[in-house]
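J.:
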Amino acid sequence: MSAAEATRLDHGDEAGGLETLRQGLRVSPELARGWWITGLLALTMTAGRIVVPIAVQQTIDKGLSGPGGPDMSFVAWMCLVCFGGVLITAVASYFTTVRLATNSERGLATMRIKAFRHVHDLPVLTQSTERRGALVSRVTSDVDTVSQFLQFGGFIFLVSLGQMLLATVVMFVYSWQLALVVLVCFIPLFASLRFLQARMSAAYGVVRAKVGEMLSAIAEPVVGAQVVRAYAIERRTQQRIDASIEEFRRTSTRAQAITGITFSIGGLAAGLANAGVLTAGVLLGVGGHATLGEILAFMFLVALFSDPVQIATQVLTDAQSAFAGWRRVLGVIATPADVVDPGADGVTQQRGPIMIEFDSVDFAYPEGELVLRDVSVRLEPHRRVAVVGETGSGKTTFAKLLTRLMDPTSGAVLLDGVDAREIAFSSLRERVVMVPQDGYLFDSSLADNVRFGRPEVTDAQLLAAFESLGLTDWLESLPDGLDSPVGQRGESLSAGERQLVALVRANIADPDLLVLDEATSAVDPGTEVRVNAALERLMAGRTSVIIAHRLSTAEAADEILVFDDGRVVERGPHADLVTAGGVYSHLHDSWIAQRSSS
Amino acid sequence: MPLPKVPTKGSVTRRGFAVLRVAIWEEPWVFAFSVLASALYGAMTVADGWALGWSTDHVIRPALERGDTTFGAVASLVSLFLGIAVLRAIGVVGRRVGAGVMQYRLQATYRQRVTRQYLKLPLEWHHKHPTGQLLSNANADVESTWYPIAPLPMAVGVIAMLAFATVAMFAADPWLALVGCLVFPMVFVANVIFQRTLQPLATRAQELRAAVSEVAHESFDGALVVKTLGREAAETERFKTPTFALQDANIAVNRARGAFDPVIEGLPRIGVLLVLLVGVGRVRSGAADAGDVVQVAFLFTLIGFPIRALGWVLGELPRSVVGWDRVQRVLTAEGGMEYGEAKLTSSAAARLDVSAVRFGYLPDRDVLAGVEFTVEPGRTVAVVGPTGSGKSTMTTLLTRLVDPEEGSIEVDGVDLRTLARGELAGSVALVAQTAFLFDDTIRGNITLGGDYADEEVWDALRIAQGDGFVKSLPHGLDTKVGERGTTLSGGQRQRIALARALVRRPRLLILDDATSAVDPQVEARILAGLRTAVQGSEAATTVLVIAYRKATISLADEVLFLDEGRIADHGSHLELQERSAAYRELVDAYEKDAARREEEAELAAELNDLDSEGASA
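Quick note, the sequences are listed as chains A and B, same order. Going by the numbering used here, the first residue of the first sequence is number 417, and it counts up by one from there. Going by the numbering used here, the first residue of the second sequence is number 199, and it counts up by one from there.
1. Going by Cα to Cα distance, which pick from A:595, A:674 and A:538 is closest to residue 618 of chain A?
2. How far does the alpha helix (DSSP H) with residue 828 of chain A in it reach, from first residue to last?
3. Which same chain residues end up closer than 8 Å to residue 737 of chain B when comparing Cβ atoms and leaving out the 5 residues on each side of it in sequence?
4. Give me whichever residues DSSP pairs with residue 788 of chain A in a beta bridge.
5. Kindly list the residues whose CB is nearer than 6 Å to the CB of residue 460 of chain A, restricted to its own chain and excluding five residues on each side of it in sequence; keep chain order.
6. Against chain B, with Cβ distances strictly below 8 Å, would residue 880 of chain A count as a contact?
7. For the alpha helix (DSSP H) containing residue 504 of chain A, name the first residue and the last one.
8. In this structure, does DSSP put residue 901 of chain A in helix, strand or coil?
9. Can you check whether the C-beta of residue 1002 of chain A is within less than 8 Å of a C-beta belonging to chain B?
10. What do you reckon, are the CB atoms on residue 293 of chain B and residue 355 of chain B nearer than 8 Å?
11. Looking at chain B, which residues of the region 528-542 of chain A have a Cβ within less than 8 Å of any of its Cβ atoms?
12. Using a threshold of 8 Å, state whether the C-beta atoms of residue 155 of chain B and residue 785 of chain B are closer than that.
13. Is it right to say residue 660 of chain A is buried, meaning 16 or more other beta carbons lie within 10 angstroms of its own, or is it exposed?
14. With DSSP as the reference, identify every bridge partner of residue 669 of chain A, one or two as the case may be.
15. Buried or exposed: where does residue 539 of chain B fall if 16 or more other Cβ atoms within 10 Å of its Cβ makes it buried?
16. Within a Cβ cutoff of 8 Å, which residues of the same chain sit near residue 231 of chain B, ignoring the five residues on either side of it in sequence?
17. Can you list the residues of chain B that residue 579 of chain A reaches, using a CB-CB cut of under 9 Å?
18. Cβ of residue 939 of chain A less than 8 Å from any chain B Cβ?
19. Along chain A, in chain order, which residues have C-beta atoms closer than 9 Å to that of residue 266 of chain B?
20. Assess, as a yes-or-no matter, whether the region 458-467 of chain B is touched by the region 341-353 of chain B under the definition of 3 or more beta carbon pairs within less than 8 Å.
21. Given residue 508 of chain B, which residues of its chain have a CB within under 7 Å of its CB, disregarding the five upstream and five downstream residues?
22. Quick check on DSSP: helix, strand or coil for residue 212 of chain B?
23. Buried or exposed, going by whether 16 or more other CB atoms sit within 10 Å of the CB of residue 776 of chain B?
24. Over what stretch of residues does the alpha helix (DSSP H) that includes residue 414 of chain B continue unbroken?
25. From what residue to what residue does the alpha helix (DSSP H) around residue 661 of chain B run?
26. Could you check what DSSP says for residue 661 of chain A in three-state terms: helix, strand or coil?
27. Excluding five sequence neighbours on each side, which residues of the same chain lie with their C-beta closer than 6 Å to the C-beta of residue 938 of chain A?
28. If I measure Cβ to Cβ from residue 787 of chain A and keep anything under 8 Å in the same chain, skipping five residues before and after, which residues do I get?
29. Is the CB of residue 435 of chain A under 8 Å away from at least one CB in chain B?
30. Just to confirm the assignment, what range does the alpha helix (DSSP H) spanning residue 796 of chain A have?
31. In the DSSP assignment, what residue or residues form a beta bridge with residue 578 of chain B?
32. State whether the region 884-892 of chain A contacts the region 837-846 of chain A, with contact taken as three or more CB pairs (one from each stretch) at a distance under 8 Å.
33. Between the C-alpha atoms of residue 201 of chain B and residue 306 of chain B, what's the straight-line distance to the nearest angstrom?
34. Using 8 Å as the limit for Cβ to Cβ distance, is residue 999 of chain A near chain B?
35. Hey, is residue 858 of chain A's beta-carbon within less than 8 Å of any beta-carbon in chain B?
36. Which residues in the same chain have their Cβ closer than 6 Å to the Cβ of residue 727 of chain B, if we skip the five residues on either side of it in sequence?
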């Protein structure tokens, strides 16, 4: 993750465990739904685990050494009661598991959806393609980590905690002296737990880093297959791969060894406690302070006590990565959206001819220099405006402000006199539609892609839309017509055909203002002619703003806005500007020069 | 002993056991060690139960009955339990470490085998397999193949434990032992059923995780379209479908776990109650002591958990078999380039002869056919042609990444197929359109481990117009690029890739649209620099460039016009412009495309500025 992303996204990163929990519950209230019922059920299910030690104690003390020898009916009754206890435990256990899973899964689904929705409002999504991968993992693997922890680690943690508490209570009821002996025997384990857990986390942290290195080394002969062969560096590549695989093996084995030692220590503590209990028990029993049944019951209780302690180290390690994932997701949700939908408070505008006004607009990226400076222009309805300028002059920024993909740093963009920030998205996106250079297609049918903006449109209307752009013959040339699959990212179509789809899509959306980032493609001159014709028909009768890359486009416009260094330096029709001796005539000259350079 | 064969047909369990046999065959000593350690652990677990029974009868009860005990009795108690605990701990550590060593060694061995195969198999094979699949073959599939190895020693230890326990129980009392013989198989069977129920549910959840990820990827990639058409809410609805399905699948997994867990945990508890019941009867009839009852009951408590290891191994077998099959598909793939003995000895610019070359990726669909041309040493040739005309394929043939089906390609009159391995790379360098950079420093990416002085690296960078930005990087040539290093723009990456080729002073340089992401002005400087470098140095270079910009084309001495896999025309740019309408149309289209590319470069530069601004903030 780059430093830039850290400053722009992960707000929740410093939050502590409790704060994360609080934020998490706010985002996913389902997590806490009926928590006391789940808690009671969990308590019931742990209670069942105490049944066995008690039964042993009762059998030994009352059943076997009853006044008239072994008392069969007492033991039979007791076993029946305990059997009932085990059954209740099983039922309670089932419902606890299901309730926990249901609540946590529902809560996480809510969080996943909230995060997904919010990501679409974040400016980084459209501004920085490289960070999309990170955003995808916020709504996928990060949530999965939390889910897996809550279902396994969290569940075990809850049960273990109850089990230990109950075992402690029962121990103190039987004999406070023996209970103390057990606790003392476990002190070294408790003391070393934090240390061992820290070692384990550190070891697994190293493993995670090594996995990353190994994966990128393994990718070299696959992704870079051509380079590796063309430069005959197979041996060097194999050495790098082998080294990274070996590093991963070494560090994983080491982490596994630390885990093994941690787990064995729990067993050692249990052994120590067993020896301690028996010794102290014999000494106490000799004085009449403990019965045989009680002493033996302790052996069973110690087992209940030691298992959770051993598991706890593992759970704590899992918990760390789960909380880190949770914080990252919550961080995304907490990141303020730059462009906010006023929603129900927003103005809903009448459809119809649209007038746009930029009122002293400045724009700068966060902590960057001004990209637009004091831009004030007014675009009348039904005009075709071309925006031209050199690389970095600010024309793309102009289009993004026009479509409210971004908001001005100062000043305002007005639509029919209303500040764009006050117009409800539902109204704004209906009136203003942008056709980006690369009309992204979804892996679905042609029809689905074309009606992406308005799913309610019928097939007949779709056909009419193709017709009105003069694309019926193209549509008929496709094997499955409207049902033709376009493939991932539209790869089954050529670049030019993807532009056609984007134009029909815009035609279906039928906006009052059409903003076009002119796309030209050299791949197929035949399609290019089609694109131009369709574009012409699409713009007819509409207010349109085109970011022009071609001289011919600028020439055909009613009006040209010339950008230079973030300002509008000239405006007017081509005929006026070309002879004015300003920036536009200069641009025009170099176009002409380029064209005739052959 | 030969490598055990894994049958390609048959039940999953049978095939799974065959994979386990392979694992044991690969690592017999580690396996033996961990099984021994695990058996020690199993024996000591049973010994724990036995010790409790023994001390109940021989130390505790006598002491309580007599109201007195001896130091010796207590000391023997303590040493018995501590001794068993220490031996058991040793067994646990040995078992876990052994299992870890075995599992990770197997993973490493198979990853190395798979990646060796990737390096050996020809490029055609790579083209037939999606990148994602190959990456997961080397990583996730290898991992899942050896998943059952982690619990395997424990499972074998559990079998030993059960054997010891049966002996100990029968020694204590046959009737109590019978209860054990009833309960333990039931736990085992419940486990197997559980794992078999869980497996498809877990697989379904895994598939849905992929589905969620797919929608997220697609939706975020198409963010601009989503945003400009105001479809955020609709996209969220679309995302909800797999999200809720995943939610339900995860709940279903837990429902299964919730149903089986209490059964698997409860059976030993019910067993203990049965033991107590039967035990009281046996004690009353004088056939058993209290110690026997306690011992068997305690054994039930101790064995209840480890017995699950058998279920873990069996449960992982289906996944293991799937992983094994996928890995085997790579390992058994055939093919590879044959090399000859010939060497290229000249140090002057190379001569290239292509005669009657035919090539196609699919049968009956030639990408190139009847291609024939010669490039004289030191000439610069531009290859021009519409998309799909076979230009890139030609570069792969010239660098012998693939062999032609018919015809021959010769450098300095030597057929490429007769050259010794690695020989061609010493003379010919290819720079592809997408610059692949290794997760390494800039220097490492240019030298690729070759022995080049820094001066040579800087020289190469200078010609590639990359010295400026490399100098401005915090660590210069030692800056890490790629995943965990500096993010470079497309143009910067291409310049590093170009320097990688130039530092080798190739006698034939092939550029496949290698400067597409570079500003036209910078590209012009690169080409000019290339020309002076080429003409100025004693070891001149022949250059073949696939070009999309008029400026590039006009720099070439001659132009090859490729159309539909054939050479449509060959001559100077002016000549072709004169006589070929198709050529004129194409170059015109290129010009328009150049404008688009410029705009893309502008956007990229804007984003890049944004990145660096953010990073420095």
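Think of the CB as a built atom: it goes at the ideal place given N, C-alpha and C, for glycine as much as any other residue.
T.: The structure says:
1. A:674
2. First-last for residue 828 of chain A: 826-831, but that is the beta strand (DSSP E), not the alpha helix (DSSP H).
3. Since pLDDT at residue 737 of chain B reaches only 49, below the 50 mark, its modelled position is unreliable, and the value read off the structure follows with that caveat. Closer than 8 Å at Cβ, skipping near neighbours: 545, 546, 547, 703 and 705.
4. A:779
5. 508
6. no
7. 488-535
8. strand
9. no
10. yes
11. 528, 529, 532, 533, 535, 536, 537, 541 and 542
12. Lying outside 199 to 815, the shown extent of chain B, residue 155 of chain B is not represented and no answer is given.
13. buried
14. DSSP lists no partner for residue 669 of chain A.
15. exposed
16. 292 and 296
17. The premise fails here: residue 579 of chain A is roughly 12 Å from chain B at the closest Cβ pair, so nothing lies under 9 Å.
18. Residue placement at residue 939 of chain A cannot be trusted, given a pLDDT of 47 that sits under 50; what the coordinates show is reported in the next sentence. Closer than 8 Å to some Cβ of chain B, the Cβ of residue 939 of chain A qualifies, so yes.
19. 702
20. no
21. 353, 356, 386 and 389
22. helix
23. exposed
24. 372-419
25. 652-661
26. helix
27. Reliability of the predicted coordinates at residue 938 of chain A is poor, the pLDDT of 43 falling under 50, and no value is obtained from them.
28. 779, 780, 781, 810, 813 and 982
29. no
30. Per DSSP, residue 796 of chain A belongs to no alpha helix (DSSP H) and is neither H nor E.
31. B:741
32. no
33. 18 Å
34. no
35. yes
36. 661
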